[in-house]
Structures are given as structure tokens and as C-alpha cells.
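J.:
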């Protein structure tokens, strides 16, 4: 089942003010319909709400398919060469680096994300994302699927600080620890929708940059399998409905510049598209 979060681009006359909703998406090529649904935590299923009629897919605008209180990223969940060899390591909470991103970093598929500026080197990270369906804490790995509302594509955009020109010499610059940031607005493109029937341990991830395939990997290449990622993150913090976990990139990362277009495709989900725009100019104090 595919679940999207959307807003009517042509709201019905009886509901002139459009509001975000979740919908079960049925596609037939470029056509399709969206039926309003909600996640029922007691049954662990998406159920029809009866709050409105089915909408033509062409008449809705897609939103990020989650409303998280937080976005948790598992850092360094890949081998140096991108391929996990031998046994994958156990995921003890103390051995996992978990980084938080704010909800303001969410962006929908098809959006343009502003480059943070010349002092930053921007990179894409193509990943599988997990959206949590129920409040949970210390979830055993073998029960992880019970707390998942769906899976989607993610681009965990990361900016690395450029070495300062005031640093005395290249050797000192090379020795300086890297400074990176994941918190900028729009730095978590997510979508285009959720898939509820997905094997997270064997999902192929394809990343294209400006139309050229740059990576084709699988969640099989993660050092820590996705159910253990959920278990480890839930050891760190209570997870709430809508929270997002980025499970780590299996070496699907590389540099971006203004004008770049990144497509992250996961088999059985779809394609998440992001374009990099010019840095923000001025301030918005509203």
C-alpha cells in the first residue's frame, strides 16, 4: 500500500479551505486516486476515515509524508567502501551515533532546497527512511516492524564547512576536524510517499545526479540492519507517531552545487526529486 500526505490543489466547494491529509494512493500510470486515511495505532494499519471523497491524484499537491517531532539519523552506518562484509555488527545503543535534525529541515519531493552558501560544501546522502506509527521506547529489533507506519525515500543533505583560508598551512587544515551541519531548512527531503509493504533489509537504492546514475546500492550493505537501527534509536529516546529515522547511507553520497538535481529511487516506493537552488538572500523576520 502507498500512503501520501497531501493538500487539495482544487478543494471542493464544501471545504474551501484545504488542509493536509493522508491518503491511500492508487496509481495507474500518471493517473490515480487518493482516498483519505488515518493510521490506527491499535491495529497497526492505515484505515479509511470517511472524511471525504476520493480525489484525483492530479488535483493534489504532495507534502512530506510525515509530521515528526524529531528526525533521528544513524551516523556512519556503512563500511568505508560501501559494502558490508562478513557479519553485520550488533546495534548496541552505546555503539551507535544518533544525530537529530529539526522538523524545519523537512521538504517534499519536487522541491528546491537552497544551498547554504560558499563557505559550505553540500553533499547528498541517499537513504531509506522509517516513519514511526506509535509511541514507543526500547523496541526489540524482532518487534520493530510493529511500530512502523511506512518507509520512504530520504536525501539526508549534509553541509561540510570549507577549510578556512586563514589556516596557516595545508597540513594544519588537513588535521582540523571536519565540521558538518544537517540542520538547515530543507535538508531532509522526504517522499514522495510511504510504502507499507517493504522489506527494509533488502531495498535497492538508486541515486542519480543530473540524470546520471551515481550510486546503486542496497540496505543489505548497511552495517546495522534497519530493525536494529529502530531498536537502537528507541534506546536513546522515546519515539512518537510521525517521527522519522534515517537509517544511514550505504555509500550513496557525493557533492552538490547550485542547479544540481538529485533523484533517490527505492524499489517498491518511488522517486524523491530535489533540486539545489541559490543561497537565501536577506532575512525573513515574519
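Numbering (my numbering), first residue to last: 74 to 359.
By construction, the Cβ of each residue, glycine as well, lies at the ideal position given by its N, Cα and C atoms.
#1: Should residue 180 be labelled buried (16 or more other beta-carbon atoms within 10 Å of its own) or exposed?
#2: Under 9 Å between the Cβ atoms of residue 200 and residue 122?
#3: Between which residues of its own chain and residue 132 is the CB-CB distance below 8 Å, once the five residues before and five after are set aside?
#4: Hey, how far is the Cα of residue 281 from the Cα of residue 313?
#5: May I ask you to report which of helix, strand or coil DSSP gives residue 245?
#6: Quick check on this structure: which residue in 126, 125, 111 has the alpha carbon closest to the alpha carbon of residue 119?
#7: Who pairs with residue 193 in a beta bridge, going by DSSP?
#8: Is DSSP giving residue 270 helix, strand or coil here?
#9: Within its chain, find whatever has a CB closer than 8 Å to the CB of residue 104; leave out the 5 residues flanking it on each side and keep chain order.
#10: Does DSSP put residue 138 in a helix, a strand or coil?
#11: To the nearest angstrom, report how far apart residue 274 and residue 257 are at their CA atoms.
#12: Out of 151, 190, 320, 225, which one is the CA nearest neighbour of residue 349?
#13: So, at 6 Å on beta carbons, what are the nonlocal neighbours of residue 346 in its own chain, with the 5 sequence-adjacent residues on each side left out?
#14: Can you pull the DSSP bridge partners for residue 150?
#15: Going by alpha carbons, who is nearest to residue 268 out of 283, 227, 212?
#16: Residue 206: buried (16+ other C-beta within 10 angstroms of its C-beta) or exposed?
#17: Less than 9 Å separating the beta-carbons of residue 327 and residue 288?
#18: Residue 308 and residue 211: beta carbons closer than 9 Å?
#19: What's the C-alpha gap between residue 317 and residue 178?
#20: Provide the residue span of the beta strand (DSSP E) that contains residue 339, from first to last.
#21: For residue 127, does the three-state DSSP call read helix, strand or coil?
#22: What would DSSP say about residue 198, mapped onto helix, strand or coil?
#23: Should the segment 294-302 be called in touch with the segment 260-267, which here means at least 3 C-beta pairs below 8 Å?
#24: Using a Cβ-Cβ cut-off of 6 Å (strictly less than) and excluding sequence neighbours within five positions of residue 185, which residues of its own chain qualify?
#25: For residue 174, write down the residues that DSSP places opposite it in a beta bridge.
#26: Any idea what DSSP makes of residue 294, helix, strand or coil?
#27: Closer than 6 Å by C-beta to residue 334: which residues in its own chain qualify, once you throw out the five before and the five after it? Chain order, please.
#28: On the DSSP bridge assignment, give the partners of residue 285 in chain order.
#29: Our contact map puts residue 109 next to residue 96 with C-beta atoms below 8 Å; I'd like the distance itself, whole angstroms only.
T.: Straight from the coordinates:
#1: Looking up residue 180 in the chain shown gives position 107. Residue 180 is buried by the Cβ-count criterion.
#2: On the chain shown, position 127 is the one that residue 200 refers to. On the chain shown, position 49 is the one that residue 122 refers to. Not closer than 9 Å, so no.
#3: Within the chain shown, numbered from 1, the residue matching residue 132 stands at position 59. Here the set comprises 81, 82, 83.
#4: To locate residue 281, count along the chain shown from 1; it is residue 208. To locate residue 313, count along the chain shown from 1; it is residue 240. If I take the Cα positions, the gap works out to 32 Å.
#5: For the purposes of this step, residue 245 is taken as the residue at position 172 of the chain shown. Its pLDDT being 45, under 50, residue 245 is placed unreliably by the model, and the measurement read from it follows with that caveat. DSSP places residue 245 in helix when its eight states are reduced to three.
#6: By 1-based counting over the chain shown, the position of residue 119 is 46. Residue 111 is the option with its Cα nearest to residue 119.
#7: What you label residue 193 is simply residue 120 of the chain shown in a count that begins at 1. Its beta-bridge partners are 234.
#8: Translated into positions along the chain shown, residue 270 becomes position 197. Note: residue 270 maps to coil in three-state DSSP.
#9: Along the chain shown, one-based indexing puts residue 104 at 31. These residues qualify, in order along the chain: 129, 130, 131.
#10: Translated into the one-based positions of the chain shown, residue 138 becomes position 65. If DSSP states are grouped into helix, strand and coil, residue 138 belongs with coil.
#11: Within the chain shown, numbered from 1, the residue matching residue 274 stands at position 201. Within the chain shown, numbered from 1, the residue matching residue 257 stands at position 184. One C-alpha to the other measures close to 30 Å.
#12: For the purposes of this step, residue 349 is taken as residue 276 along the chain shown, with counting starting at 1. The residue with the shortest Cα to Cα distance from residue 349 is 190.
#13: One-based indexing of the chain shown puts residue 346 at position 273. Excluding sequence neighbours, residue 346 sits near 182, 183, 336.
#14: Within the chain shown, the letter at position 77 stands for residue 150. DSSP output for residue 150 lists no bridge partner at all.
#15: Against the chain shown, residue 268 aligns to sequence position 195. The residue with the shortest Cα to Cα distance from residue 268 is 227.
#16: In the chain shown, the residue the question calls residue 206 occupies position 133. Flag for residue 206 reads buried.
#17: Here residue 327 refers to the residue found at position 254 when the chain shown is read from its first residue. Here residue 288 refers to the residue found at position 215 when the chain shown is read from its first residue. In this structure, residue 288 lies closer than 9 Å to residue 327 by Cβ.
#18: Within the chain shown, residue 308 is the residue found at index 235, counting from 1. Within the chain shown, residue 211 is the residue found at index 138, counting from 1. Going by C-beta atoms, residue 308 is nearer than 9 Å to residue 211.
#19: Working through the chain shown from its first residue, we reach residue 317 at position 244. Working through the chain shown from its first residue, we reach residue 178 at position 105. C-alpha separation (whole angstroms): 12 Å.
#20: As a working mapping, residue 339 is identified with position 266 in the chain shown. Per DSSP, residue 339 belongs to the beta strand (DSSP E) from 334-339.
#21: As a first step, residue 127 must be located in the chain shown, where it is residue number 54. Of the three classes helix, strand and coil, the one that applies to residue 127 here is coil, per DSSP.
#22: Translated into positions along the chain shown, residue 198 becomes position 125. Three-state DSSP puts residue 198 in a strand.
#23: no
#24: For the purposes of this step, residue 185 is identified with residue 112 of the chain shown, where counting begins at 1. So the list reads 348, 350, once near-sequence residues are dropped.
#25: In the chain shown, counting from the first residue as 1, residue 174 sits at position 101. DSSP lists 144 as partners of residue 174.
#26: The sequence position of residue 294 within the chain shown is 221, counting from 1. DSSP places residue 294 in helix when its eight states are reduced to three.
#27: Locating residue 334 in the chain shown gives position 261, where the first residue counts as 1. If we look at residue 334 and ignore the five residues flanking it on each side, its Cβ neighbours are 283, 348.
#28: Walking along the chain shown from the start, residue 285 turns up at place 212. Residue 285 is bridged to 282.
#29: What you label residue 109 is simply residue 36 of the chain shown in a count that begins at 1. What you label residue 96 is simply residue 23 of the chain shown in a count that begins at 1. Right, their Cβ atoms sit about 5 Å apart.
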